[in-house]
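Enquirer:
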Amino acid sequence: NLTLVKGSQKLLTQVRFQIPYGKNIALVGANGVGKTTLLEAIYHQIEGIDCSPKVQMAYYRQLAYEDMRDVSLLQYLMDETDSSESFSRAILNNLGLNEALDRSCNVLSGGERTKLSLAVLFSTKANMLILDEPTNFLDIKTLEALEMFMNKYPGIILFTSHDTRFVKHVSDKKWELTGQSIHDIT
Numbered sequence: 001n002l003t004l005v006k007g008s009q010k011l012l013t014q015v016r017f018q019i020p021y022g023k024n025i026a027l028v029g030a031n032g033v034g035k036t037t038l039l040e041a042i043y044h045q046i047e048g049i050d051c052s053p054k055v056q057m058a059y060y061r062q063l064a065y066e067d068m069r070d071v072s073l074l075q076y077l078m079d080e081t082d083s084s085e086s087f088s089r090a091i092l093n094n095l096g097l098n099e100a101l102d103r104s105c106n107v108l109s110g111g112e113r114t115k116l117s118l119a120v121l122f123s124t125k126a127n128m129l130i131l132d133e134p135t136n137f138l139d140i141k142t143l144e145a146l147e148m149f150m151n152k153y154p155g156i157i158l159f160t161s162h163d164t165r166f167v168k169h170v171s172d173k174k175w176e177l178t179g180q181s182i183h184d185i186t
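When we follow the UniProt record's numbering, the leftmost residue of the sequence shown carries the number 1, and every step to the right adds one.
1. Apart from the five residues just before and just after residue 61, which ones in its own chain have a Cβ nearer than 7 Å to its Cβ?
2. Which whole runs of the alpha helix (DSSP H) in the segment 2-51 are 4 residues long or more, in chain order?
3. Using only CA atoms, which one of 143, 1, 37 lies nearest to residue 169?
4. Any idea if residue 109 is buried or exposed, counting beta-carbon neighbours within 10 angstroms, 16 or more meaning buried?
5. Kindly examine the ligand SAM and report whether one of its heavy atoms sits closer than 8 Å to the Cβ of residue 47.
6. Can you find at least 3 beta carbon pairs, one from the segment 84-100 and one from the segment 108-125, that sit closer than 8 Å?
7. Three Cβ pairs or more, each shorter than 8 Å: is that satisfied between the segment 13-23 and the segment 167-184?
8. Let's see if you can read the secondary structure: which residues bound the beta strand (DSSP E) around residue 189?
9. Please return the same chain residues whose Cβ sits closer than 8 Å to the Cβ of residue 167, not counting the five positions on each side in sequence.
10. Could you spell out where the alpha helix (DSSP H) holding residue 86 opens and where it closes?
11. Quick check on the DSSP output: the alpha helix (DSSP H) that includes residue 166 runs from which residue to which?
12. Assign residue 87 to buried or exposed, taking buried as 16 or more other Cβ atoms, counted over all protein chains shown, within 10 Å of its Cβ.
13. Starting from residue 59, follow the beta strand (DSSP E) in both directions and report where the run begins and ends.
14. Which partner residues does residue 156 have in the DSSP bridge list?
15. Could you check the C-alpha separation between residue 146 and residue 85 for me, to the nearest Å?
16. Here's a check: name, in chain order, each residue in its chain whose Cβ is nearer than 6 Å to the Cβ of residue 45, leaving out the five neighbours to either side.
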């Protein structure tokens with residue numbers, strides 16, 4: 001039974017849910033209903049959230065790219081994930097960043113930083129990915145690559161997006177947050 005409060009606003013009241021393995025679940029709902037807060041609560045496993053000890057989570061939050069160091073894209077990805085250079089190059093190429101491999105993270109556009117953050121996420125050893133608005137700042141080619149990564153990902157993906165086409169293409173389940181509750185609207 002999870003009750004979720006942010007400030008003085010009660011977002012969820014005694015909700016129960018189970019996240020099935022191998023599914024892509026979209027959290028949908030109006031702005032301010034608690035989608036991001038719920039993702040953060042799950043990631044931090046606050047009181048009321050029980051996770052199997054086998055679950056290893058990775059989290060992509062909106063504007064995650066603001067925390068990047070002043071190193072090249074390629075170096076950043078390899079440092080953050082312990083991935084090989086060849087694997088890192090392949091991921092960055094799939095996201096359309098092959099021309100920017102040696103550029104500093106500090107000079108990247110918002111879209112390029114978003115792509116790099118997603119490359120880090122999909123290169124981790126996590127078996128559960130949490131993505132908060134991953135489609136912001138993405139061009140069509142990168143959006144298609146993200147859809148491909150998400151549809152092939154073998155673990156759990158829990159995500160939010162206001163892009164209804166994207167949600168339709170990558171979600172196995174849709175959970176709507178409304179009225180301090182969660183409803184499966186798949």
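Note that CB positions come from ideal geometry on N, CA and C, so glycine has one too.
Note that the structure is predicted; figures quoted are calculated from it, not measured.
Expert: Here's the rundown:
1. What you label residue 61 is simply residue 61 of the sequence shown in a count that begins at 1. Around residue 61: 132.
2. 35-44
3. Locating residue 169 in the sequence shown gives position 169, counting from the first residue. Of the candidates 143, 1, 37, the one whose C-alpha sits nearest the C-alpha of residue 169 is 143.
4. Sequence index remark: in the sequence shown, residue 109 carries index 109 (1-based). Label assigned to residue 109: exposed.
5. As for the ligand SAM, it is missing from this structure, which has no ligand bound.
6. yes
7. Yes: at least three Cβ pairs fall under 8 Å.
8. Limits of the chain in this structure are 1 at one end and 186 at the other, which puts residue 189 out of reach.
9. In the sequence shown, the residue the question calls residue 167 occupies position 167. The answer, listed in chain order, is 26, 28, 161, 174.
10. As a working mapping, residue 86 is identified with position 86 in the sequence shown. Taken as a continuous stretch (DSSP letters only), the alpha helix (DSSP H) holding residue 86 covers 85-94.
11. To locate residue 166, count along the sequence shown from 1; it is residue 166. Counting along the chain, the alpha helix (DSSP H) containing residue 166 begins and ends at 164-170.
12. Here residue 87 corresponds to residue number 87 of the sequence shown, with the count starting at 1. It is exposed - the Cβ of residue 87 has fewer than 16 other Cβ atoms within 10 Å.
13. Taking the first residue of the sequence shown as 1, we reach residue 59 at position 59. 57-60 is the span of the beta strand (DSSP E), which, as asked, contains residue 59.
14. Position 156 of the sequence shown holds residue 156. Paired residue(s): 128.
15. The residue given as residue 146 occupies position 146 in the sequence shown. The residue given as residue 85 occupies position 85 in the sequence shown. Distance between the alpha carbons of residue 146 and residue 85 is about 21 Å.
16. The count along the sequence shown starts at 1 and reaches residue 45 at position 45. Cβ neighbours of residue 45 beyond the five flanking positions: 51.
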